[in-house]
Amino acid sequence: MQVIHQISELKKTIKETKEKGLSIGFVPTMGFLHEGHLFLMRTARKENDLLVISIFVNPLQFGEGEDLEEYPRDLTKDRELAYEVGCDLVFAPPVQEMYPPRYATFVDVERLTGNLCGVTRPGHFRGVTTVVTKLFNLVQPDRAYFGQKDAQQALVLKKMVNDLNMNLELIVLPTVREEDGLAMSSRNSYLSPQNRREAAILYRSLQQAQEMVAGGERDASVIKETITMTIKNNTSALIDYIEITDTRNIKPLAILEGECLIALAVKFGETRLIDNLLVEV
Ligand code: AMP
């Protein structure tokens, strides 16, 4: 397994791979790898000749006062895990390699980024779409793998790939969860034991919503109120949003119809957690 920090070296390796006609599966991450990442990596491993991952805590997608400095990092452990799943190449660039002085170009997907996480984290998706575009240009993957855990991110990136005619297949895989249902996340490591216990309620509240939909409920406000009460009554978390949207425009729905995204974001102290479920009506 190669670990590359420099863009010039990555370009050379990718060129050689392309010349050999090998297919490339790519999993971009911010590192501190967990089973969620490893699931994407194992899938990409199976479906492609070469597995490339990136590990880069992208400053552009963190807002003022967010956890850029505190974000957990462990490149040594990540290398071991990547090696174990059969990764061929880890690209882990320093910040100045990706954003040298006087860097000036950004990619912005409009409309889909104005709701949900786009409200509390202005500029977040612009940071994501910019770095993912750069990584796609560098790695030139045939297939790139993302998690449903970050539902809005996946929809925004799909839109970007389509709108900009990017020459790759974007694959979204289901959320990997802890035994009690909590969606795996590098940020779970911030939680106190009590908050960690309470955090299991997030998924339970989404399942409750799913059951309401299965039982015929179509009124979004009724479902959102139930989720709100479940979270408020059982956790100390502050609710950032609980929203039900369509999956095309990510616009809030009053009445559920078609494929709907039930999404939530809460804060346990400074730790912001997100989760979601898709339901088909
Ligand atoms: P991150 O390192 O948090 O930026 O995540 C890198 C990729 O892994 C993104 O596509 C995430 O959606 C995906 N991911 C993160 N957590 C999970 C999870 N619990 N299940 C599935 N995919 C995940």
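In this note's numbering, the protein residues as written are 137 to 417.
By construction, the Cβ of each residue, glycine as well, lies at the ideal position given by its N, Cα and C atoms.
As for any alpha helix (DSSP H) of minimum length 4 sitting wholly inside the segment 289-355, the runs are 329-334, 336-350, ordered along the chain. When C-beta atoms of the segment 217-230 are compared with those of the segment 250-267, fewer than three pairs fall below 8 Å, so the two segments do not count as touching. In the DSSP assignment, Leu-409 falls within the unbroken beta strand (DSSP E) covering 407-416.
With contacts defined by Cβ atoms closer than 8 Å, Thr-371 and Glu-334 form a contacting pair. For Ile-378, same chain residues with a beta-carbon under 7 Å away, outside a window of 5 residues either side, are Lys-360, Ile-363, Thr-364, Leu-400 in chain order. Taken through DSSP and simplified to helix, strand or coil, Asp-278 comes out as coil. Excluding residues up to 5 positions away in sequence, Phe-282, Val-308 lie with their Cβ nearer than 6 Å to the Cβ of Ala-290 in the same chain.
Contact check for Asn-194 against Met-177 fails: the beta carbons are separated by 8 Å or more. Rounded to the nearest whole angstrom, the CA to CA distance from Val-415 to Phe-168 is 30 Å. About 18 Å separates the beta carbon of Glu-305 from that of Asp-286, a gap too long to meet the 8 Å contact definition.
Shown here for Leu-204: same chain residues with a beta carbon closer than 8 Å to its own, the five before and five after excluded, namely Val-193, Pro-195, Phe-198 in chain order. Distances between the C-beta of Gln-288 and the heavy atoms of ligand 1 are all 7 Å or more.
The beta carbons of Val-349 and Leu-392 sit about 6 Å from each other, so the pair counts as a contact at 8 Å. Annotation: Gln-232 is outside any beta strand (DSSP E); the continuous alpha helix (DSSP H) that includes it extends over 231-234. For Cys-223, there is no enclosing alpha helix (DSSP H), as DSSP marks it with neither H nor E. In this structure Thr-241 is exposed. Its beta-carbon is surrounded by fewer than 16 other beta-carbon atoms within 10 angstroms.
According to the DSSP secondary-structure assignment, Gly-283 is paired through a beta bridge with Leu-309. In the three-state DSSP reduction, Leu-252 falls in the coil class, being neither helix nor strand.
Taking C-alpha positions only, Ile-189 is separated from Glu-216 by approximately 13 Å. Per the DSSP secondary-structure output, Thr-381 pairs in a beta bridge with Pro-388, Leu-397. The beta carbons of Asp-376 and Val-417 sit no closer together than 8 Å. Secondary structure at Thr-153: helix, using DSSP grouped into helix, strand and coil.
Closest by C-alpha distance to Gly-405, out of Val-139, Ser-341, Leu-327, Arg-340, is Leu-327. In terms of Cα proximity to Ala-180, the closest of Gly-317, Asn-298, Asn-331, Ala-280 is Ala-280. In the DSSP assignment, Gly-161 falls within the unbroken beta strand (DSSP E) covering 160-165.
Here Leu-196 carries a helix assignment [DSSP, helix/strand/coil]. When DSSP states are grouped into helix, strand and coil, Leu-187 belongs to the strand group.
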